[in-house]
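Student: For reference, the structure I am asking about is given below.
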Amino acid sequence: MSVEPRGYEYPPQSIHVVPLPADFEQLFPKPTGLTEDVWPTAQINYLGFYLKRLSCKTVLIEGHYIDRDFIDDLALFYSRSLRGYPNYCQRLHFFSEELDDDRWKKLISDANGGKRERVRQFLQKSYLGFSVVRPLPGSLIGRTVLPTFPTNTAEGHRRDFGATREYRVHLAGFDLVVSGLAFQQQDQGVSACATTALWSAIHKVAPMEGLPFATPAAITQAASRYFLAGGRALPSEGLTIDQICEATRSSGLAPIVVRGLALEQARAQLHGYLTSGLPAVLALQPLPLTRSEGHAVCAVGLKLGEVAPQTNPDYHFRDVATSVMAVYVHDDRLGPYAVADLQSHTLPSGDIVPALVIRWPGEKAEFETCVLRAIIVPAPPKLRLTVARMRSLGVVIAEAVGERLPELQGRVDLSCRYRVSTEYQQMAFDFGLSDEGILELSSRTVLSRYLGVVHLDGPSGPLFDVLLDATETQANPSVLCCVSRRGLPVAGKPLMAFIARRLGGTVIG
Amino acid sequence: MPDPSDPARGAERAESESRTERSSSPRSAEEQQVWDALEVARQKMKPMTKRELEAELIPSDLMSFRLKSAQ
C-alpha cells in the first residue's frame with residue numbers, strides 16, 4: 057500500500073457535435089437526490105426555447121473549458137467545500153447549420169488543407185453563441201452569450217439592443233464572433249439575482265472604459281466589504297441597492313440611481329440610458345407587495361413602437377421616450393432577453409407606479425408582474441450629467457422650437473442620449489454640414505469624451521442637436537454647440553442660432 | 030501662428046465672444062423673442078422636469094431594499 061499519486065493528470069479535452077434535441081434538457085444530467093427545484097430548471101427550458109427561436113440546429117459540446125467567472129467563484133467559495141468541484145466547465149456552442157462529428161472532422165481536415173479561413177467563415181455564418189455549463193448540479197448555466205432577435209418584430213415594432221457588444225470566441229483554433237450581452241444563472245452560493253444582473257451590466261460598460269470585468273465573486277466581495285446589514289456574505293443572501301452601488305464603485309464605475317416614480321418618467325430614463333448603450337439593473341418588487349424583498353434583472357434593450365401624440369394641448373413637441381413599449385431583460389430565473397412590458401399599475405393605496413410584466417419572448421402568458429422600484433446604471437465615472445438633467449434642458453428647447461416653428465405642426469420629437477464624441481464627429485460627416493461647419497466641429501470645438509446629445513427630429517428628418525459637456529452636473533451652462541441637421545427648415549436656422557447664443561454654445565451649420 | 034486675415038478663420042473670429050458675452054444680451058428684437066420663448070418654455074416645463082429630477086433623490090429605505098429572489 058502506498059500513497060496514491062495525485063496532481064499529475066490533466067483533464068481530457070473533447071469535442072462532440074450533436075443535433076439540438078427536441079427536449080433541450082436531454083443534454084444535461086438530471087441532478088441526483090431529492091432536490092427542492094423542479095427538473096428541468098426554468099433556465100434550461102428557456103435556453104432550449106430561445107435556441108429554437110434562433111433556428112438552432114446543432115450543439116457542439118466542448119468538454120473542457122476554463123471559465124474566468126467560475127474559477128473565481130471556485131476560489132472564493134467552492135474550493136472550501138468537501139465535495140471536490142473541478143476547476144473547469146464544459147461549453148456548448150450553437151449553430152444554425154446541421155453538423156455532426158463526421159462533418160466536424162472534415163472541417164478540421166479542410167482547414168488543415170489550406171482552407172482555414174473558408175472554414176472559419178462557414179462556422180461564423182451559422183454561429184449562434186455559446187453557453188458555459190458549470191459543474192454545479194443545481195445551477196448549471198454559466199456565462200452565456202446569445203444573439204438578440206432581429207431589429208424588426210413581426211408586428212412592425214422595432215427592437216433596440218444598444219447595450220450589447222461583440223464577444224470574440226476561440227473554438228478549436230477558429231476565432232468566432234457573437235453579438236449580445238453575457239447572461240448567467242445565479243448559483244446561490246457566490247451570487248444572487250442582483251449579482252448576476254450587475255455582472256451583466258458591467259460586461260458592457262467595463263470595456264468602454266478599459267476596465268477589467270468584475271466576476272460574480274468580486275462583486276459579492278466588494279458589495280459585502282462595508283455594507284453587511286445582516287446575515288452572511290457567503291452563501292449570498294442577495295444585495296441591497298447600497299451594496300450594488302458599492303460593488304459598482306469597486307469596479308471602477310459610478311452608479312446612477314433613479315427611482316421608478318411614474319410610467320412616463322421611467323420610460324424616459326430607460327430610453328435615455330439604454331439607447332446610449334448603458335445597461336441598467338432594475339430593482340423590482342413582485343406583486344402583490346407581500347414580500348419585503350425584491351428581485352433584480354438587467355435591462356439590455358427596448359421594444360419601440362410609434363411616438364405617442366402629445367397629450368398636453370399646451371405643449372408643442374413629442375417625447376420619443378413614449379415609444380418605449382417593453383424592456384428586454386436578462387432575468388436569471390429565466391434567461392437572456394426576456395420581454396418585460398412597461399405599464400402603469402395602481403396600488404391598493406391608490407398610488408400609480410411603473411410596473412413590468414415579464415414574459416417569455418413571443419409568449420402572451422405572464423411570468424410575473426413587478427413594480428419598478430429603482431433603476432441603477434453603472435456608468436463611466438466621468439459621465440456626470442444624468443438623463444434627467446439632460447432632459448430638463450431638452451424639453452425646454454423642444455417646446456420653444458415647436459412653439460416658434462408652427463409649420464412643423466407639433467412634430468418636434470425630442471430624444472436625449474449620450475454619445476462618445478469621436479463617434480459623433482464621425483457621424484457628422486453625413487449631416488450635410490458646410491465645409492466650414494464640419495471644420496468647426498471636427499477641428500475647432502473642444503468636446504468631452506461623452507457628450508450629452510439633445511436631439512430634435514422634425515417631419516423631414518433631424519432638425520438639430522444640442523451637444524452638452526457630460527462631465528458637468530448641470531445641463532446649462534454646459535452647452536458646447538448646436539449642430540444643424542438636414543431636416544432643419546430655412547426659418548429654423550436663425551432660431552437655432554438664437555437658442556445657441558442664449559445657451560452659451562456655438563453654432564455649427 | 031494662424032494668419033488672422035485668413036477667411037477660413039472667420040467663423041472662429043465671429044465666435045470669439047466669450048460664453049458669458051454670448052448669452053448676456055440679445056442682438057435683435059427677433060432674438061429677444063426667441064429668448065423669451067425659451068423662458069416661457071422653461072416655466073411651462075418646470076412641473077415635468079421637477080418630477081424627473083426628484084426621482085434622483087433616493088430615500089435611505091430604498092437604498093436598503095434587498096434584492097434576493099430565489100430561482
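These protein sequences, in sequence, are chains A and B. Numbered by my numbering, the letters in the first sequence go through residues 57 to 565 in order. Numbered by my numbering, the letters in the second sequence go through residues 30 to 100 in order. Idealized CB from N, CA, C, for every residue including glycine.
So, at 6 Å on beta carbons, what are the nonlocal neighbours of Gly-445(A) in its own chain, with the 5 sequence-adjacent residues on each side left out?
Tutor: As a first step, residue 445(A) is located in the first sequence; it is residue number 389 there, counting from the start. The displayed chain sequence assigns Arg, not Gly, to residue 445(A). Within the same chain, Arg-445(A) has close Cβ partners Ala-531.
Student: Quick one: list the residues of chain A neighbouring Ala-66(B), beta-carbon separation under 7 Å, in chain order.
Tutor: Residue numbering aside, residue 66(B) sits at position 37 when the second sequence is read from its first letter. Result: Ala-456, Glu-459 and Arg-460.
Student: Within the same chain, show all residues whose beta-carbon is closer than 7 Å to that of Tyr-144(A), passing over the 5 residues directly before and after it, in chain order.
Tutor: Numbered from its first residue, the first sequence carries residue 144(A) at position 88. Only Pro-67, His-120, Tyr-121 and Ile-122 meet the Cβ criterion.
Student: Closer than 8 Å, CB to CB, is Ser-111(A) near chain B or not?
Tutor: Residue 111(A) sits at position 55 when you count from the first residue of the first sequence. Chain B contact via Cβ: absent.
Student: Taking the alpha-carbon of Gly-536(A) as reference, which of Leu-345(A), Val-225(A) and Gly-508(A) has the nearest alpha-carbon?
Tutor: To locate residue 536(A), count along the first sequence from 1; it is residue 480. Residue 536(A) is actually Leu in this sequence, not Gly. Looking at the Cα atoms, Gly-508(A) is the closest of the given residues.
Student: Give the straight-line distance between the Cα atoms of Phe-33(A) and Ser-89(B), rounded to the nearest whole angstrom.
Tutor: Not covered by the structure: residue 33(A). The range shown for chain A is 57 to 565.
Student: Closer than 7 Å, Cβ to any Cβ of chain B: which residues of the stretch 490-519 of chain A, in chain order?
Tutor: The residues in question are Glu-492, Glu-496 and Arg-500.
Student: Could you pull out every unbroken beta strand (DSSP E) segment of at least 3 residues lying fully inside the stretch 378-450 of chain A, listed in chain order?
Tutor: Counting only runs of 3 or more, we get 380-387, 391-402, 408-415 and 422-435.
Student: Name the two residues that bound the continuous beta strand (DSSP E) containing His-72(A).
Tutor: The residue given as residue 72(A) occupies position 16 in the first sequence. It spans 71-75 - the beta strand (DSSP E) in which His-72(A) sits, taken as one unbroken run.
Student: For Gly-104(A), count the other beta carbons within 10 Å of its own beta carbon; 16 or more makes it buried, fewer makes it exposed. Which is it?
Tutor: Reading the first sequence from its first residue, position 48 is the one you call residue 104(A). The residue in question, Gly-104(A), is buried, as its Cβ has 16 or more Cβ neighbours within 10 Å.
Student: Helix, strand or coil for Cys-537(A), going by three-state DSSP, please let me know.
Tutor: Working through the first sequence from its first residue, we reach residue 537(A) at position 481. The answer is strand: DSSP assigns Cys-537(A) an E or B state.
Student: Give a yes or no on whether 8 Å exceeds the smallest Cβ distance from Leu-317(A) to chain B.
Tutor: The sequence position of residue 317(A) within the first sequence is 261, counting from 1. Yes, contact with chain B.
Student: Give the DSSP bridge partners of Arg-374(A), in chain order.
Tutor: Taking the first sequence and counting its residues from 1, one reaches residue 374(A) at position 318. In DSSP, Arg-374(A) forms a bridge with Asp-469(A).
Student: Kindly say whether Ala-58(B), judged by its beta-carbon, lies nearer than 8 Å to any beta-carbon of chain A.
Tutor: Taking the first residue of the second sequence as 1, we reach residue 58(B) at position 29. Not one chain A Cβ lies under 8 Å of Ala-58(B).
Student: Once you ignore the five residues that flank Gly-517(A) on each side, which residues in its own chain have a CB closer than 8 Å to its CB?
Tutor: Stepping through the first sequence from its first residue, residue 517(A) is reached at position 461. If we look at Gly-517(A) and ignore the five residues flanking it on each side, its Cβ neighbours are Arg-541, Arg-542 and Gly-543.
Student: To the nearest angstrom, how far is it from the Cα of Arg-415(A) to the Cα of Asp-387(A)?
Tutor: Counting from one through the first sequence, the residue named residue 415(A) turns up at place 359. Counting from one through the first sequence, the residue named residue 387(A) turns up at place 331. Between Arg-415(A) and Asp-387(A), the C-alpha separation is close to 10 Å.
Student: Would you call Phe-10(A) buried or exposed, if buried means 16 or more other Cβ atoms sit within 10 Å of its Cβ?
Tutor: The requested residue 10(A) is not part of the displayed model; chain A covers only 57 to 565.
Student: Around the Cβ of Trp-255(A), are there at least 16 other Cβ atoms within 10 angstroms (buried) or fewer (exposed)?
Tutor: The residue labelled residue 255(A) in the question sits at position 199 within the first sequence. Per the 10 Å Cβ criterion, buried.
Student: Quick check on this structure: which residue in Cys-538(A), Lys-161(A), Asp-93(A) and Glu-81(A) has the alpha carbon closest to the alpha carbon of Ile-494(A)?
Tutor: Start at 1 with the first residue of the first sequence, and residue 494(A) comes out as number 438. Of the candidates Cys-538(A), Lys-161(A), Asp-93(A) and Glu-81(A), the one whose C-alpha sits nearest the C-alpha of Ile-494(A) is Cys-538(A).
Student: Hey, out of Ser-498(A), Glu-528(A) and Met-552(A), whose CA is closest to Leu-519(A)'s CA?
Tutor: Residue mapping note: residue 519(A) aligns to position 463 of the first sequence, counting from 1. It is Met-552(A) whose Cα lies nearest to the Cα of Leu-519(A).
Student: Express the C-alpha separation of Gln-61(B) and Ser-477(A) in angstroms, rounding to a whole number.
Tutor: Sequence index remark: in the first sequence, residue 477(A) carries index 421 (1-based). Sequence index remark: in the second sequence, residue 61(B) carries index 32 (1-based). Whole-angstrom Cα-Cα distance: 32 Å.
Student: Which same chain residues end up closer than 8 Å to Val-468(A) when comparing Cβ atoms and leaving out the 5 residues on each side of it in sequence?
Tutor: Against the first sequence, residue 468(A) aligns to sequence position 412. Same-chain partners within the cutoff: His-372, Phe-373, Arg-374, Ala-454, Val-457, Gly-458, Leu-461, Leu-512, Asp-513, Gly-514 and Leu-519.
Student: Identify which residue in Ala-318(A), Arg-323(A) and Glu-422(A) has its Cα closest to the Cα of Gly-406(A).
Tutor: Start at 1 with the first residue of the first sequence, and residue 406(A) comes out as number 350. With distances taken between Cα atoms, Gly-406(A) lies closest to Ala-318(A).
Student: Using 8 Å as the limit for Cβ to Cβ distance, is Ser-307(A) near chain B?
Tutor: Within the first sequence, numbered from 1, the residue matching residue 307(A) stands at position 251. Closer than 8 Å: no.
Student: Provide the residue span of the alpha helix (DSSP H) that contains Tyr-282(A), from first to last.
Tutor: Position 226 of the first sequence holds residue 282(A). It spans 272-282 - the alpha helix (DSSP H) in which Tyr-282(A) sits, taken as one unbroken run.
Student: Assuming contact is defined by CB atoms lying nearer than 8 Å, are Ile-431(A) and Ala-336(A) in contact in what I supplied?
Tutor: Against the first sequence, residue 431(A) aligns to sequence position 375. Against the first sequence, residue 336(A) aligns to sequence position 280. Yes, the Cβ-Cβ distance between Ile-431(A) and Ala-336(A) is below 8 Å.
Student: Could you list which residues in chain B have their beta carbon closer than 7 Å to that of Asp-525(A), in chain order?
Tutor: Here residue 525(A) refers to the residue found at position 469 of the first sequence. Simply none; closest approach about 11 Å.
Student: Taking contact to mean 3 or more Cβ pairs, one atom from each stretch, closer than 8 Å, check whether the stretch 353-366 of chain A and the stretch 177-197 of chain A are in contact.
Tutor: No: fewer than three Cβ pairs fall under 8 Å.
Student: What first and last residue would you give for the beta strand (DSSP E) that runs through Thr-200(A)?
Tutor: Your numbering for residue 200(A) matches position 144 in the first sequence. Residues 197-201.
Student: With Ser-235(A) as the anchor, note down where its beta strand (DSSP E) starts and where it stops.
Tutor: The sequence position of residue 235(A) within the first sequence is 179, counting from 1. 230-236 is the extent of the beta strand (DSSP E) around Ser-235(A).
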